[in-house]
Amino acid sequence: MSEAIPQSPSRVRATAKWPGLTVLAVILLVLPFLAGNDYHYDLMIKIALTAGVAVGLNLLVGYAGQISLGHAAFYAAGAYGSALLVQQFELTPVPAMVLAAVGVAVLAWLVGKPILHLKGHYLSMATLGLGVIAAIVINNEDQLTGGPDGLPVAPLSLFGHELSVFGSYDLFGVAITGTQVWYGIAAGFLFLSVLFALNLIDSPLGRALRALHGSEIAAQVAGVDTGKFKLRVFVISAVYASLAGSLYGYYGGFITPNIASFTHSIELITIVVLGGMASTYGVILGTVILLLIPQFLTGFQELEMVLFGAILMVVMIFMPRGLVPTLARRFQKEAS
Amino acid sequence: MTALLSVDKLGKEFGGVHAVEDLSFQVEKGRIHSIIGPNGAGKTTLFNLITGLYQPSSGSVHLNGRSLAGHQPHELAPLGMCRTFQNLQICQNMTALENVMLGRHRHLKQGTFTSLFKLPALRRADQRCREECAELMEFVGCGQYIKHHASAMPYGALKRLEIARALAASPDILLLDEPAAGLNRTETDALRDVIRRIADKGITVVLVEHDMKLVMSISDQVLVLCYGRKLAEGTPEEIRANPDVIDAYLGNRHSREEATA
């Protein structure tokens with residue numbers, strides 16, 4: 001296999017990622033015009049941040065076939081970590097967010113290292129434990145974390161301006177509210193999450209990951225050190241969660257131990273399973289659906305967990321591939 | 337005469353059952369070396385021992401003079417060894433071409449940040465890999481499936497796809513585990529052609545196969561296994577004339593005579 005290979009016939013081009021990304025960008029840009037009030041913005045920001053986590057978690061669950069039941073711990077670690085770095089060490093918010101992400105990456109690496117060369121569902125068990133421990137630590141270390149009462153978070157500051165959701169700002173002569181700026185940040189975060197995820201999936205690294213799911217033996221024989229690759233994607237997905245968690249803290253200005261709860265981890269897994277494992281755009285839709293449902297169920301909040309369970313079961317039984325891949329396949333069949 | 341692969345007094349026990357016992361043989365560079373034997377003779381076990389999926393109970397395997405003892409399966413591709421599987425190991429969640437590109441894994445950069453940002457160098461290398469792998473699919477004769485998803489390919493084509501994936505690693509030695517199983521006569525003839533062309537590239541081929549016509553027509557050397565032991569070794573002509581081999585395959589001479597009497 002030398003360099004003397006004729007220029008590519010067009011049929012072996014890589015799958016283009018730009019059409020999908022353009023559609024996503026257009027939707028993200030149009031949504032603010034449909035938003036009527038701050039409540040809509042609030043919902044969209046939360047959806048975008050959660051979707052970012054789900055896109056990262058999907059790399060682990062959907063592509064590498066590993067299950068984490070403790071991603072809320074990484075999310076909370078990002079939120080509390082960056083809040084505390086600002087509060088205790090007087091770091092500015094953005095470096096604090098990066099530092100928290102590095103810390104979470106190290107944590108994920110330490111948790112994943114001993115278990116990820118084992119076959120089976122050990123990662124689920126370990127992350128389940130991690131999630132429970134994280135929630136206990138946040139609840140009990142009230143000197144530092146505020147315990148069950150929560151922790152106020154300093155607002156994000158950008159270009160020397162403190163960014164408050166209640167403030168109003170001037171963007172190239174156009175007056176915008178703080179909420180709108182936050183929508184821009186959250187939408188940008190989601191867009192970059194998707195861009196990086198798509199890049200990763202279509203790289204040699206991503207191929208190795210997908211191969212792990214397809215046939216671990218085939219991957220090994222091709223020279224893929226499976227344990228090492230699982231560990232890498234686990235760390236990457238944890239960093240996604242950490243960054244989203246930090247942003248969530250800065251946005252809300254207040255965080256509680258709820259974000260580290262087992263329910264939150266299950267919610268994230270449900271999103272991935274519902275939207276479609278191994279479908280980056282699918283999990284965005286999954287997030288939209290799962291975060292909109294409670295809006296119609298106000299007053300039945302205690303039913304949330306039951307609902308997640310029911311959704312997981314129904315999806316697993318009737319469309320194990322998840323919503324988007326199942327529908328895509330059906331349309332393809334009808335077309336052909 | 338240099339031995340590329342040398343197996344020395346190799347043994348594997350499964351709870352008292354000797355799947356492979358005291359087995360020694362050498363594979364010379366650039367040859368097609370076939371391993372035959374009745375069902376349960378230990379052929380696939382031998383492959384799994386050589387490729388690190390099993391750890392031997394005794395004995396050793398050397399590739400290019402380096403011991404393979406204690407190597408993980410993923411460490412063998414960099415040493416120049418690749419294999420296919422009797423029961424296919426195809427990633428059904430990927431396209432046909434991506435399956436082949438997986439084979440090229442060890443030749444490609446896969447840094448986390450390079451991948452996340454998809455830097456131009458990585459993109460170019462990946463595109464070159466894509467083209468090379470498309471050529472390999474043509475080479476093994478499944479070029480018409482380049483644009484297909486692996487899950488949409490027929491069995492015979494998947495068998496070739498596995499060979500293409502193994503070749504993508506640019507191995508020195510290629511181990512084929514029953515590549516003709518499940519193929520019809522025409523497909524087997526085409527496969528013979530592919531194996532010959534692989535050998536012509538200078539790649540050493542170790543072939544486990546039940547199809548005698550295929551084995552006898554392309555092998556330089558044939559090793560016959562029976563109950564995990566070496567029964568005979570030699571050129572196809574020698575094997576064909578070996579009375580022990582005929583016994584193993586067709587039963588003992590006495591019982592045969594009794595049956596015909």
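The listed protein sequences derive, respectively, from chains P and Z. Take the first sequence: its position 269, counted from the start at 1, is 269 in my numbering, and no numbers get skipped. For my numbering, add 336 to where a residue sits in the second sequence, where the first one is 1. All C-beta atoms, glycine included, are put in the ideal place defined by N, C-alpha and C.
Contact annotation for L200 of chain P against chain Z: T448, S451, L452 and K454 [CB-CB distance below 9 Å, chain order]. Contact with chain P is found for N429 of chain Z, since one of that chain's Cβ atoms lies less than 9 Å from the residue's Cβ. Of all residues in the stretch 280-291 of chain P, none has a C-beta nearer than 8 Å to a C-beta of chain Z. Any Cβ of chain P closer than 9 Å to the Cβ of D344 of chain Z would place that residue at the interface, and such an atom is absent.
Between H485 of chain Z and H161 of chain P, the alpha-carbon positions lie close to 51 Å from each other. Taken through DSSP and simplified to helix, strand or coil, T177 of chain P comes out as strand. A residue is called buried when at least 16 other Cβ atoms come within 10 angstroms of its Cβ; W182 of chain P meets this threshold and is buried. Within chain Z, the residues H410 have their CB atoms less than 8 Å from the CB of T226 of chain P, given in chain order. Classified as exposed, P456 of chain Z has fewer than 16 neighbouring CB atoms from the shown chains inside 10 Å of its CB.
Chain order gives the chain P residues near C418 of chain Z as V221, where near means a beta carbon separation below 7 Å. Across the set P:V224, P:I201, P:A211 and P:K230, the C-alpha of P:K230 shows the shortest separation from the C-alpha of P114 of chain P. Distances from the alpha-carbon of E411 of chain Z to those of P:G223, P:M313, P:A105 and P:G286 put P:G223 closest. For D513 of chain Z, the closest Cβ of chain P is not nearer than 9 Å.
When DSSP reads this structure, G401 of chain Z sits in no beta bridge, so it has no partner. The C-alpha of G70 of chain P is placed about 40 Å away from the C-alpha of L503 of chain Z.
In this structure, L497 of chain Z keeps its C-beta atom at 9 Å or more from the C-beta atom of A584 of chain Z. Per DSSP, the continuous alpha helix (DSSP H) segment holding M313 of chain P begins and ends at E304 to F318. Sequence-distant partners of A105 of chain P (beyond 5 residues in either direction) whose C-beta falls short of 7 Å from its own C-beta, in its chain, are V235, A238 and V239. For S215 of chain P, the neighbours in chain Z by C-beta distance under 7 Å run, in chain order, Q425, I426 and C427. Between the alpha carbons of L404 of chain Z and L586 of chain Z lies a gap of roughly 36 Å. Secondary structure of D42 of chain P (DSSP, three-state): helix. Residue range V353 to E364 is occupied by the beta strand (DSSP E) that includes V353 of chain Z.
Counting other Cβ atoms within 10 Å of its Cβ, I317 of chain P stays below 16 and is therefore classed as exposed.
DSSP lists Z:I371 and Z:E569 as the beta-bridge partner residues of L559 of chain Z.
Apart from sequence neighbours up to five positions away, the residues of its chain that approach F421 of chain Z with a beta-carbon distance below 8 Å are E498 and D513, ordered along the chain. According to DSSP, residue pairing for S157 of chain P in a beta bridge involves P:E162. Looking from the CA of V26 of chain P, the closest CA among P:G184, P:L118 and P:L91 belongs to P:G184.
The C-alpha of H443 of chain Z is placed about 18 Å away from the C-alpha of Q408 of chain Z. A Cβ-Cβ distance of about 5 Å is found for the pair N139 of chain P and P257 of chain P, placing them in contact under the 8 Å criterion. Only residues of its own chain outside the window of five on either side were considered, and among them none has a CB closer than 7 Å to the CB of G352 of chain Z. By the Cβ-count criterion, T571 of chain Z is exposed, with fewer than 16 other Cβ atoms from all chains shown falling within 10 Å of its own Cβ.
For the pair I269 of chain P and V61 of chain P, the CB atoms are nearer than the 9 Å cut-off.
Close to chain Z, meaning a Cβ-Cβ distance shorter than 8 Å, is no residue of the stretch 76-88 of chain P at all.
Counting the other Cβ atoms within 10 Å of the Cβ of G564 of chain Z gives 16 or more, which makes it buried. A Cβ-Cβ contact shorter than 9 Å links F254 of chain P with P152 of chain P. Nearest in C-alpha terms to A218 of chain P, of all of Z:A505, Z:V541, Z:V551 and Z:K537, is Z:A505.
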